[in-house]
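Scroll down for the structure; my scribbles are underneath it.
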Amino acid sequence: MDNKTAGIQQACKAVRCIQALRSLPTSKDATPSYPPISSIPRTSPERLAQASPDNDPSSPSNAQTYLYLAYGSNLAAETFLGVRGIRPLSKVNVSAPAFDLTFDLPGIPYREPCFANVTPRKHLPDPPKPPQRPPQFPPPPTPSDVSNEKTGLVFPSLPPRAPTWPKGLIGVVYEVTPEDYATIIRTEGGGAGYLDVQTPVVALPAPIAVPEKPPIPELPRPFLAHTLYQPRLPDAPPDDETNTNDGPDGPDKPPKKKWWFKFVAPVRRPEPDYAQASARYLKLITDGAAEHALPDDYQAYLHRLQAYTITQHRQEVGKWLFTLLWLPLFFLVMNFSRVFADKDGRVPRWLGITMVVMMNLMWISYDAVFVKLFGDGERTVEDDDDDNDRSGRVTAGSRGSRWLQLEGGMLDEKNRLLSDW
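Per this note's numbering, the very first residue in the sequence shown carries number 10; after that it's consecutive.
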């Protein structure tokens, strides 16, 4: 009897141990090691006033912190606070009217085709004017329109257009210490990929709430914030064929015309708006925008961005081959940048050139071999028809032939209708 009782007790202990193990938090449910975004206070007006563009840049500033404008994956706490280990002192949502958000910074084909970047706005829109006349409603449908709807005629629709955002860049300005700002520079390529620039920004009002003591509304004043930006270099001007005194390459020849310039210049894709960011990268941006309660219409725009998706088996094969070939070297160089970076987070010049040359060679191998054998690694391929070329993209000839067939059918229909008269 005692043996049975002891066995039952052992079984109960085993059940309790299993239940305790099941109750332990998994890696997905584990509490993150970084504080939530909601714990970061709003930047004080006094600190923003210290960064006013009206201040004399030659005068010594009392500010001992940096104001850093984040617009990409650094919006997400998972990246900025978790991966990079930054601890912001304060933050404020801002609008940067001088820039637009783009995704033209080349990354790794098939895995991370591009990353977020900013580009200067070429034309700032005029402020909206009040309407002079009441709005006009569209005219009612004509009988012919109704008859067309009843007959079920389907007319060709225009191809889907990429979502646009005409209101400038929306982001978050973090107030960080000099040590944390050096960490940002170091983890963003050590100055080899981005340039540190200052841009005027305007603080956005806090989310709608009912404060205990409503402040007196004031006009927002712009202030300067640091941000990271990679300019898109223009093409080198072609050589003048009529000039016969050019001679061989020499020290007086412009660097852009030398054969080695394309290896040391930043990677430049032919179509800056062609590549699509990965779903993982876009999720970090949308999650960060929700965490900071950025404007709803801007969040809706971010959710409309289409992510790069592999739709062909050969693209999946190319992804793993490209990863095995280049990703170890990529991580090795990135680790070197963290080791050799100085106290400001910037890498030596030789290491910066090495990183740029590696990125150029990586994309040269993609253009010369991978895109021809394994398909498009920058943009989602909607179908896998025989009309598509080996790279997975729809060629201009196939698009033109389809349109000519459609247009030819429409012309035949018009001729038959005219013959009835």
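For each residue, glycine too, the CB sits at the ideal point set by N, CA and C.
Helix, strand or coil at residue i according to DSSP, with G and I counted as helix
{"i": "Q207", "result": "strand"}
{"i": "E121", "result": "strand"}
{"i": "A299", "result": "helix"}
{"i": "R289", "result": "helix"}
{"i": "A212", "result": "strand"}
{"i": "R51", "result": "strand"}
{"i": "G116", "result": "strand"}
{"i": "N83", "result": "helix"}
{"i": "N64", "result": "coil"}
{"i": "D109", "result": "strand"}
{"i": "V127", "result": "strand"}
{"i": "Q145", "result": "coil"}
{"i": "G200", "result": "coil"}
{"i": "R408", "result": "Confidence is the limiting factor: at R408 the pLDDT is only 38, short of 50, which leaves the residue's position unreliable, though a coordinate-based value still follows. It is helical."}
{"i": "R352", "result": "Contrary to the premise, residue 352 reads as Lys rather than Arg in this sequence. Three-state DSSP puts K352 in coil, outside helix and strand."}
{"i": "R277", "result": "coil"}
{"i": "N254", "result": "Per-residue confidence for N254 stands at a pLDDT of 46, beneath the threshold of 50, marking its modelled position as unreliable; the derived number appears in the next sentence. Three-state result, N254: coil."}
{"i": "D189", "result": "helix"}
{"i": "R56", "result": "helix"}
{"i": "G91", "result": "helix"}
Whole-Å CB distance - residue i paired with residue j, under 8 Å assumed
{"i": "P357", "j": "F349", "result": "6 Å"}
{"i": "Y283", "j": "R388", "result": "6 Å"}
{"i": "T88", "j": "L293", "result": "6 Å"}
Opening and closing residue of the alpha helix (DSSP H) in which residue i lies
{"i": "L333", "result": "H322 to F349"}
{"i": "Y307", "result": "D305 to R313"}
{"i": "T318", "result": "Premise fails: T318 is in no alpha helix (DSSP H) and is neither H nor E."}
{"i": "L382", "result": "V380 to F383"}
{"i": "S433", "result": "Only positions 10 to 430 of the chain appear in this structure, which leaves residue 433 out of reach."}
{"i": "V390", "result": "Run containing V390: none; DSSP gives neither H nor E here."}
Beta-carbon spacing of residue i, residue j below 9 Å
{"i": "F232", "j": "A60", "result": "yes"}
{"i": "L78", "j": "V103", "result": "yes"}
{"i": "Y75", "j": "E184", "result": "yes"}
{"i": "F124", "j": "P118", "result": "no"}
{"i": "Y80", "j": "L178", "result": "yes"}
{"i": "P281", "j": "L213", "result": "no"}
{"i": "S346", "j": "L360", "result": "yes"}
{"i": "E121", "j": "A309", "result": "no"}
{"i": "D353", "j": "I95", "result": "no"}
{"i": "V390", "j": "G384", "result": "yes"}
{"i": "Y238", "j": "S82", "result": "no"}
{"i": "K131", "j": "R51", "result": "no"}
{"i": "V206", "j": "T236", "result": "yes"}
{"i": "R323", "j": "L382", "result": "yes"}
{"i": "A105", "j": "G180", "result": "yes"}
Residue i, enclosing beta strand (DSSP E) - first and last residue
{"i": "A79", "result": "Y75 to A79"}
{"i": "I179", "result": "L178 to V185"}
{"i": "K100", "result": "S99 to A105"}
{"i": "L237", "result": "F232 to Y238"}
Subject >> the region 171-179 touching the region 308-315, judged by at least three CB pairs closer than 8 Å >> reply: Judged by pairs of C-beta atoms under 8 Å, the region 171-179 touches the region 308-315, as three or more such pairs exist.
Original post:
Quick check: the region 204-213 against the region 362-376, are there 3 or more CB pairs under 8 Å?
Top reply: Result no; under three Cβ-Cβ pairs closer than 8 Å.
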